[in-house]
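Here is the structure we will look at, set down as structure tokens.
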Amino acid sequence: MTITAHRVSVPVFVQGLKGLSGVLAKAAAHVEERKLDPEALLKARLYPDMFPLIRQVQIATDFAKGASARLAQVEVPAWDDNETSFEDLSARVDRAIAYVEGLDPAAFEGAEDRTVALTRRGETTEHNALDYLTTQALPNFYFHLSTAYAILRENGVVLGKRDFLGTA
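According to the UniProt record's numbering, the sequence shown is numbered sequentially starting from 1.
Laid out in structure tokens, this is it:
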């Protein structure tokens with residue numbers, strides 16, 4: 001079986017996002033059961049200089065949709081970062097799953113040898129697409145998934161590795 005950019009990206013992003021969806025559902029239930037202020041978890045951080053839970057989820061979904069779009073050579077969709085509740089975050093994750101799954105697998109053919117241009121802070125750099133996926137997109141995706149999970153775990157949401165992996 002050939003390893004392709006599609007195979008290394010879309011199913012990986014979808015599994016991670018489905019795990020995130022389950023983790024967010026458990027967090028919402030935790031808040032409801034304990035009659036907590038949802039803002040306490042939504043704005044929680046692991047450390048003062050780190051992003052809060054809401055931003056961690058936004059960035060994870062941005063990496064999934066952005067990397068997938070770049071590999072498929074389609075315009076990266078721009079989404080407003082206006083989520084304020086667990087329901088909003090869950091809807092964003094669902095939207096990211098639908099977007100990534102909706103990309104035509106044929107559009108990824110040959111992506112391993114393409115160049116991806118990234119513009120950050122006004123500076124554009126070019127990267128081999130497979131290198132971009134494996135050394136930037138996937139590590140960043142997992143960093144923000146892990147941080148979201150850790151924020152919730154630190155704040156008492158009962159979660160395990162299977163929740164993170166999306167296999168619970």
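Each residue gets a CB set at the ideal place from its N, CA and C atoms; glycine is no exception.
Where the beta strand (DSSP E) containing V116 begins and where it ends: Within the sequence shown, residue 116 is the residue found at index 116, counting from 1. Counting along the chain, the beta strand (DSSP E) containing V116 begins and ends at 115 to 120.
Pair within 8 Å by beta-carbon distance, L53 and L36: Within the sequence shown, numbered from 1, the residue matching residue 53 stands at position 53. Within the sequence shown, numbered from 1, the residue matching residue 36 stands at position 36. For L53 and L36, no; Cβs fall outside 8 Å.
Report task. For the alpha helix (DSSP H) holding N128, just list the boundary residues, first then last. Result -> Position 128 of the sequence shown, counted from the start, is the residue given in the question as residue 128. That residue, N128, is in no alpha helix (DSSP H); its beta strand (DSSP E) goes 123 to 128.
Residue ranges of each alpha helix (DSSP H) within the stretch 34 to 112, 4 or longer: 38 to 42, 53 to 72, 86 to 102
ask   = So, do the stretch 139 to 149 and the stretch 110 to 127 have three or more beta carbon pairs nearer to each other than 8 Å?
value = no
**Prompt:** Exposed or buried, what is G102 when buried is set at 16 or more other beta-carbons lying within 10 Å of its beta-carbon?
**Reply:** Position 102 of the sequence shown, counting from 1, holds the residue named residue 102. Answer is exposed; the Cβ neighbour count stays below 16.
Could you check how far apart the C-beta atoms of S90 and A25 are, in whole angstroms? I think they sit under 8 Å.
Position 90 of the sequence shown holds residue 90. Position 25 of the sequence shown holds residue 25. Indeed, because the Cβ distance is near 7 Å, the residues count as touching under 8 Å.
Beta-carbon separation of G22 and D163 under 8 Å?
-> Stepping through the sequence shown from its first residue, residue 22 is reached at position 22. Stepping through the sequence shown from its first residue, residue 163 is reached at position 163. Taking 8 Å as the Cβ cut-off, G22 and D163 qualify as a contacting pair.
Margin query: Taking only three categories from DSSP, how would you classify N155?
Written below: Residue numbering aside, residue 155 sits at position 155 when the sequence shown is read from its first letter. N155 falls in the coil class under three-state DSSP.
| field | Cβ contact check for the stretch 110 to 123 and the stretch 10 to 21: 3 or more pairs under 8 Å | value | no
task = Identify, in the order they occur along the chain, each residue of the same chain with its Cβ nearer than 8 Å to the Cβ of G16, setting aside the five sequence neighbours on each side.
result = Against the sequence shown, residue 16 aligns to sequence position 16. Around G16: A60, A64, F141, Y142, L145, G166.
Straight-line gap, T2 to S85 (C-alpha atoms, nearest Å) = Residue 2 sits at position 2 when you count from the first residue of the sequence shown. Residue 85 sits at position 85 when you count from the first residue of the sequence shown. Computed Cα separation, rounded: 41 Å.
Pull up the CB-CB distance for V93 and L20, whole angstroms please, since I reckon it's below 8 Å.
Within the sequence shown, the letter at position 93 stands for residue 93. Within the sequence shown, the letter at position 20 stands for residue 20. Right, their Cβ atoms sit about 5 Å apart.
From D81 to D49, what does the alpha carbon distance come to, in whole angstroms? Position 81 of the sequence shown, counted from the start, is the residue given in the question as residue 81. Position 49 of the sequence shown, counted from the start, is the residue given in the question as residue 49. Roughly 19 Å between the two C-alpha positions.
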